[in-house]
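If you're matching positions, the sequence shown starts at 120 in our numbering and goes up one per residue. The block underneath contains the structure these notes are about, expressed in structure tokens.
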Amino acid sequence: MTSRLASAVRAIGRTSIGRAVTTFFSRNRTDNAAGLTYYSVLSLFPALIVGVSVIGMLDPGATGRFLANFNDVLPESVLSLLDKVVGNLQSNRQAAGAVALLGTLTSLWAAGNYIAAFGRAGDLVTGTDTGRAWWKTLLVRLGLTAGCGLLAIVGVITVTSGSSVASTVGGLWGQPDATAALWGWLRWLVLAAVIITITVVLYRYAPSRNLAARELIPGALLGMVLAVAASAAFGMYVSSVADYDATYGSLAGVIIFLVWLWLLNTVLLLGFQYGVTRGESAPANGGAEEEG
Numbered sequence: 120m121t122s123r124l125a126s127a128v129r130a131i132g133r134t135s136i137g138r139a140v141t142t143f144f145s146r147n148r149t150d151n152a153a154g155l156t157y158y159s160v161l162s163l164f165p166a167l168i169v170g171v172s173v174i175g176m177l178d179p180g181a182t183g184r185f186l187a188n189f190n191d192v193l194p195e196s197v198l199s200l201l202d203k204v205v206g207n208l209q210s211n212r213q214a215a216g217a218v219a220l221l222g223t224l225t226s227l228w229a230a231g232n233y234i235a236a237f238g239r240a241g242d243l244v245t246g247t248d249t250g251r252a253w254w255k256t257l258l259v260r261l262g263l264t265a266g267c268g269l270l271a272i273v274g275v276i277t278v279t280s281g282s283s284v285a286s287t288v289g290g291l292w293g294q295p296d297a298t299a300a301l302w303g304w305l306r307w308l309v310l311a312a313v314i315i316t317i318t319v320v321l322y323r324y325a326p327s328r329n330l331a332a333r334e335l336i337p338g339a340l341l342g343m344v345l346a347v348a349a350s351a352a353f354g355m356y357v358s359s360v361a362d363y364d365a366t367y368g369s370l371a372g373v374i375i376f377l378v379w380l381w382l383l384n385t386v387l388l389l390g391f392q393y394g395v396t397r398g399e400s401a402p403a404n405g406g407a408e409e410e411g
């Protein structure tokens, strides 16, 4: 029995996912995830300023409805903190709109800190020593930030406003309730497609070495599944086992938020490691190129 178990473990270790996990932890990629968490904090709020401002001009209640979809997944303290930040930004829509119009480039630059940090972490994963020229780095940083931000905004508007559109379309067929119920399930597929697209774009273009999208899609899928599982498990741990309030007092919400961000960045980087490992094990990998 023991020998069979050992053989099964060795067999898993020889697979792409097994080698990816082994490489990830043996090279302390969780330290890189901690660095990405730092840049997540620096980038998140400038990105929220732009995102909430633009979404608020299109649909004022969209952001709140979007966050409400994750009540059963995200830790309560994380949702509370995000709700508070979004509420403060939406409390003065006129000022928020001015920030969106006048401060977009500054906010994009600040939000791009994460893109640049992920690119450096990705270069460590791929073993790339030489990066891009500075002007290419700048263009990629701004382009990815704007592109991913636009995809995120479109995803939020689509997911939150889709039910009313579905009801209207269903009304033409005489089935508004059935169509709205169907959309209640389809919206998760739309959200998953948006998240996977953003992740693949980040994996593909942030590092200096560009891998083929077909090698990165499985890693993006793995990262998304692990992100949902980690968020749900961490939420249960916080609510049922750990007592952060007793340990950290008023800082408990911030500590929980930071740990949650670290978990997300860990599984995101693990997904990229898996994509790189799959690419290296492919018999003919002509889809990777290194930029100068």
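Note that CB positions come from ideal geometry on N, CA and C, so glycine has one too.
Exposure of residue i, with buried meaning 16 or more beta-carbon neighbours within 10 Å
i, result
"E195", "exposed"
"L269", "exposed"
"D362", "exposed"
"F144", "exposed"
"Y158", "buried"
"L155", "buried"
"A413", "Only positions 120 to 411 of the chain appear in the structure, and residue 413 is not among them; the question remains open."
"L370", "exposed"
"G405", "For G405, the predicted model reports a pLDDT of 48, less than 50, meaning its position is unreliable; a value from the coordinates is still stated below. Label assigned to G405: exposed."
"G293", "exposed"
"G303", "exposed"
"T318", "buried"
Spatially closest choice to residue i from the options, by CA coordinates
i, options, result
"A332", "G368, L370, G394, G342", "G394"
"G398", "L161, A230, T245", "T245"
"R251", "R328, L167, T134, F353", "R328"
"M355", "G342, N147, W379", "W379"
"G266", "A297, Q294, L388, V313", "V313"
"I276", "L310, D202, L243, D248", "L310"
"W307", "V319, G274, A297, L291", "G274"
"L388", "R239, T279, D364, T247", "R239"
"F237", "L305, A153, L291, W253", "A153"
Separation of residue j from residue i, as counted between CA atoms
i, j, result
"L261", "W228", "7 Å"
"G372", "S359", "15 Å"
"V259", "N384", "20 Å"
"Y367", "I375", "10 Å"
"W381", "V344", "16 Å"
"A346", "L301", "25 Å"
"I136", "T396", "8 Å"
"G231", "A139", "27 Å"
"A351", "L198", "13 Å"
"N207", "I272", "19 Å"
"L377", "A299", "36 Å"
"T264", "T279", "22 Å"
"L200", "A297", "35 Å"
"A365", "F353", "17 Å"
"T247", "L305", "40 Å"
"V357", "V160", "21 Å"
"R146", "L291", "58 Å"
Cβ shell of residue i (< 8 Å), same chain only, five flanking positions each side left out
i, result
"Y322", "G241, L330, L335, G338, A339, G390, F391, G394"
"V204", "F164, L167"
"G132", "Unreliable positioning characterises G132 in this predicted model, as indicated by a pLDDT of 46, which lies under 50. The coordinate reading is nonetheless provided below. For G132, where only same-chain residues beyond five positions count, the Cβ hits under 8 Å are R138, T141."
"V320", "L263, G266, C267, L270"
"L257", "none"
"W253", "none"
Same chain only: Cβ atoms within 7 Å of residue i, ignoring 5 sequence neighbours per side
i, result
"T316", "L270"
"V413", "Since the displayed the chain opens at 120 and closes at 411, residue 413 lies outside it and no answer follows."
"L243", "N151"
"T149", "T385"
Nonlocal neighbours in the same chain, by C-beta distance under 6 Å from residue i, ignoring five residues either side
i, result
"S162", "A230, N232, Y233"
"A235", "R260"
"T134", "none"
Interface flag, residue i vs chain C, CB-CB below 7 Å
i, result
"G231", "The structure shown contains no chain C; it holds only a single protein chain."
Distance cut-off 6 Å: residue i Cβ against heavy atoms of the ligand MN
i, result
"A312", "Absence of the ligand MN from the depicted structure is noted, as is the absence of any ligand whatsoever, leaving it without description."
message: If we require 4 or more residues per run, which alpha helix (DSSP H) segments fall completely within the stretch 300–359?
response: 332–359
message: For a minimum of 4 consecutive residues, which ranges assigned as the alpha helix (DSSP H) are wholly contained in the stretch 356–401?
response: 363–367, 371–400
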